Amino acid sequence: MTMPMLDRELKKGSAELMILSLVEDRPRHGYEISKIIETRSGGTLRFNVASLYPLLYRLEQRGWIQGRWAEKAGQRRRRYYKLTARGRKVLSTQRTTWQSFVAAMSRITGMENA
Amino acid sequence: MPEFRSEVRTRLASLKLAPTREAAIVEEMAQHLDDRFEELRAAGASPHEAYAAALDELDQGGLLAKGLRQTERQARFDPVPPGGPWHGGFLTHLGQDCRYAVRGLRLSPGFAVVAVLSLALGIGANTAIFQLLNAVRLRNLPVRNPGELFYLKVPNSHGRVGNFRASFPMFTNPIWEQIRDHQQAFSALAAWNSTSFNLATGGRSHIVRGMYVNGFLQCAGTGSGGGEVVLCRRRQEGLRITWSSDQLPVLAKPF
């Protein structure tokens, strides 16, 4: 695998993991997901409208999340995404994989001792 | 607040998505851009700067069209969204209409049962009413030239002998015979008289309603000689009345 391809796959995998994690506890709409990612990453990671929604639709198409239009009190009608049972299994697998990957990288690069 | 829907819709046009799907995506992304615009405005950007920045994010690297092209299937046909423009002929959307109706009925079985029963009752009632109307008013009489039949009335009863106040004018038999024999306007005339007949040959009387008739077969175009026609009914029974060649009605066997 070439470096650009590896970089793309890593980003792609990490983006899926982030979104699945954020809708694990409760349904969230797209803008809320993008703001949480930006806030928790301290501005390092940002999803804009052009990159976020194609990804959301792809996850929805795979059956990992489910979007539904809903109206909450005092708010306008929005599309909320929640994790499906199938998505929960994928999330669990991806978490394990990423933890292993990060741990391996840390051991290799010596970052855990830095 | 600037309008982002048209901007999103323009950028999705090349994907040729199904209109309902496109409308949902446009709504969702426009909301996101609205929020982003408000966020930029709150951070101190001018409306123009905030609008331009939001559009820049929408256009970033052609990600939107590229990403959606991978996930969204292009519409094989062009379904009509609720309230949307209607194109094509009746048959074009017949299948979609049927599928929509079946889905709607399946979602509400109670409503479906009520709707089907209402339709069944409505169709049944209309059929019954039409059959009655057809038998009484629409269907032609079973005669040779039903369009040439006329019902005669006497407009001026002054000086004439008979009863002209009933539903049908009533003449004495001699006057009827004079009219029948000397009129020149019609090929034939017919008359009748409702009455009761005693069918018993002895003992207890057996009264049935019937009619004396004259000229019916000529008017019906079935010939001028003897004939047979049903003229009276009593419950499910009736009588056949047979004409002899001298036009006198004779009560015949029951049927």
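Just so you know, the protein sequences line up as chains A and B, in that order. So the first sequence is residues 1456 to 1569, counted in the working numbering. So the second sequence is residues 55 to 309, counted in the working numbering. Cβ coordinates follow ideal geometry from the N, Cα and C atoms, glycine included. No experiment lies behind these values; they were computed from the predicted model shown.
The closest CA to that of ALA244/B, considering only LEU203/B, ILE261/B, VAL208/B and ARG263/B, is found on LEU203/B.
By the neighbour-count definition (other C-beta atoms within 10 Å, threshold 16), TRP1524/A is an exposed residue.
Under the Cβ distance rule, MET83/B counts among the residues neighbouring chain A, one pair being separated by less than 8 angstroms. Straight across, the Cα-Cα distance linking GLN1554/A with THR1539/A is about 22 angstroms.
With the rule of 3 Cβ pairs closer than 8 angstroms, the region 186 to 201 of chain B does not count as touching the region 170 to 178 of chain B. In the three-state reduction of the DSSP assignment, GLY264/B falls in the strand class. Not a single C-beta of chain B is nearer than 8 angstroms to the C-beta of VAL1557/A. For LEU118/B, a Cβ of chain A is located within less than 8 angstroms of the residue's own Cβ. At least one beta carbon of chain A lies nearer than 8 angstroms to the beta carbon of THR125/B. In the three-state scheme derived from DSSP, where H, G and I count as helix and E and B as strand, HIS236/B is classed as helix.
Of all residues in the region 1493 to 1505 of chain A, only ASN1503, VAL1504 and ALA1505 place a beta-carbon less than 8 angstroms from a beta-carbon of chain B. In the three-state reduction of the DSSP assignment, GLN1521/A falls in the strand class, which pools E and B. If you ignore the 5 residues before and after TYR266/B, its C-beta comes within less than 8 angstroms of the C-beta of TRP246, ASN247, THR249 and PRO303, all in its own chain and listed in chain order. With a cutoff of 8 angstroms on beta-carbon distance, TYR1508/A and GLY1522/A are scored as not near each other. Apart from sequence neighbours up to five positions away, the residues of its chain that approach LEU206/B with a beta-carbon distance below 8 angstroms are PRO223 and LEU243, ordered along the chain.
Using beta-carbon distances, GLN150/B does not count as an interface residue toward chain A, since no partner is under 8 angstroms. Within chain B, the residues placing a beta-carbon under 7 angstroms from that of GLN1516/A are THR125, ordered along the chain. Residue contact check for GLY1468/A against chain B: no CB pair falls below 8 angstroms. Each residue's CA atom was taken as its position, placing ARG1481/A and LYS1537/A some 6 angstroms apart. For ASN247/B, no alpha helix (DSSP H) run applies; the uninterrupted beta strand (DSSP E) run containing it begins and ends at 245 to 252, by DSSP. Selection LEU271/B, LEU71/B, ALA220/B and ARG198/B evaluated against ARG123/B yields LEU71/B as nearest (Cα-Cα).
Counting every other CB atom within 10 Å of its CB across the protein chains shown gives MET83/B a total of 16 or more, marking it as buried. Not a single CB atom of chain A sits nearer than 8 angstroms to the CB of GLY98/B. In the three-state reduction of the DSSP assignment, TYR1512/A falls in the helix class. As DSSP reads the structure, MET224/B sits in a beta bridge with ASN217/B. Annotation: HIS102/B has no Cβ neighbours in chain A at a cutoff of 8 angstroms; minimum Cβ distance is about 19 angstroms.
Annotation: ARG1531/A to PRO56/B spans about 17 angstroms, alpha carbon to alpha carbon. In this structure, the CA atom of PHE251/B is about 30 angstroms from the CA atom of PRO200/B.
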